[in-house]
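Working notes, structure below.
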Amino acid sequence: MAGTPHNKTLAMFPKVRFACTLCGECCRRYWIPVTHVDVARIAKFTGMRPRDFLALFPKDMAADWDEPVIKLRDGEYYLVLKKRLDGTCIFNKRVGDKLICSVHPVKPNVCRYYPFIYWVENGIVKFEVYEKALGYCPGVGRGGFANFRVEISSINESIRAKEEFRRIINNWNERVDRGLVKASIDEFFNYLEGIVDSLNKGS
Ligand code: SF4
Ligand code: SF4
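Below, the structure written as structure tokens:
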């Protein structure tokens, strides 16, 4: 299926039934990569300092993620949300037998789109069901056909945020390469929180 949303972005999406059961399995199963824009929104919504809900996941332990790699003096990392010891996301909240998202209005874009993923090919945004979700996500195949309204409405902003975040991390990595910073975790979070603060002050 293809469509042209109001922002004139050409997009293709699958015809698939989906209704989230709020089982929380995707929140438990994955590390959630975030951009500075995701971080700014969550910080504003929760009042938390970014370093209190963020973690750095070692690149060596990850599959080949399409996310910016952060250089620190002891290795390379991806920026993700913290998890609890039982594997649930720091923002999961149990309500009865459901695991809901306590930052739902501002949750990161990857969460907003899940179990769908997107990529851009020849200027067309293509959505597909994440292959691995087919094996365990009980929401796929339930309810009405997914309409992609939410995903389409934020896709340009999501693409922009990813590009900008890549530039921000490249800039950090250049400082590390040139020996301008000691490249400690604290220093990285100071750098990131400065950017997040100015984003939130300007919004
Ligand atoms: S997207 Fe799927 S796995 Fe995630 S909470 Fe909803 S039903 Fe469960
Ligand atoms: S931010 Fe919300 S939706 Fe995303 S993994 Fe955490 S609890 Fe789940």
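First residue of the sequence shown: 0, per numbering that gives the first Met the number 0; consecutive thereafter.
The beta-carbon is built from N, C-alpha and C at its ideal position, and this holds for glycine as well.
Given the structure is predicted, the values throughout are model-derived calculations rather than measurements.
Asked, Found
"State the Cα-Cα distance for the pair K161 and G142, rounded to the nearest angstrom.", "31 Å"
"Which ranges does the beta strand (DSSP E) cover as unbroken runs of at least 3 residues, wholly within the segment 50 to 137, from first to last along the chain?", "53 to 57, 69 to 71, 74 to 80, 91 to 94, 97 to 100, 115 to 120 and 123 to 128"
"In or out: N108 buried (at least 16 other Cβ within 10 Å) or exposed?", "buried"
"Is C22 near ligand 2, going by C-beta to nearest heavy atom under 8 Å?", "no"
"Suppose contacts are defined by Cβ-Cβ distances below 9 Å. Is T45 in contact with V102 by that definition?", "yes"
"Based on the DSSP secondary-structure assignment, which residues constitute the bridge partners of A18?", "Note: A18 sits in no beta bridge, so no partner."
"Indicate whether the contact test is met: 3 or more Cβ pairs, each with one atom in the segment 63 to 83 and one in the segment 38 to 54, closer than 8 Å.", "yes"
"Excluding the five sequence neighbours on either side, which residues of its own chain have a C-beta within less than 6 Å of the C-beta of R72, listed in chain order?", "A182"
"Between I116 and F126, what straight-line distance do the alpha-carbon atoms span, to the nearest angstrom?", "6 Å"
"On the criterion of 16 or more Cβ atoms from any shown chain inside 10 Å, does H5 qualify as buried, or is it exposed?", "A caution first: H5 carries a pLDDT of 45, below 50, which makes its placement in the model unreliable, though a value can still be read off. With fewer than 16 Cβ atoms within 10 Å of its Cβ, H5 is classed as exposed."
"Can you tell me the Cα-Cα spacing of A39 and L198, whole angstroms?", "7 Å"
"Under three-state DSSP, which class holds R141?", "strand"
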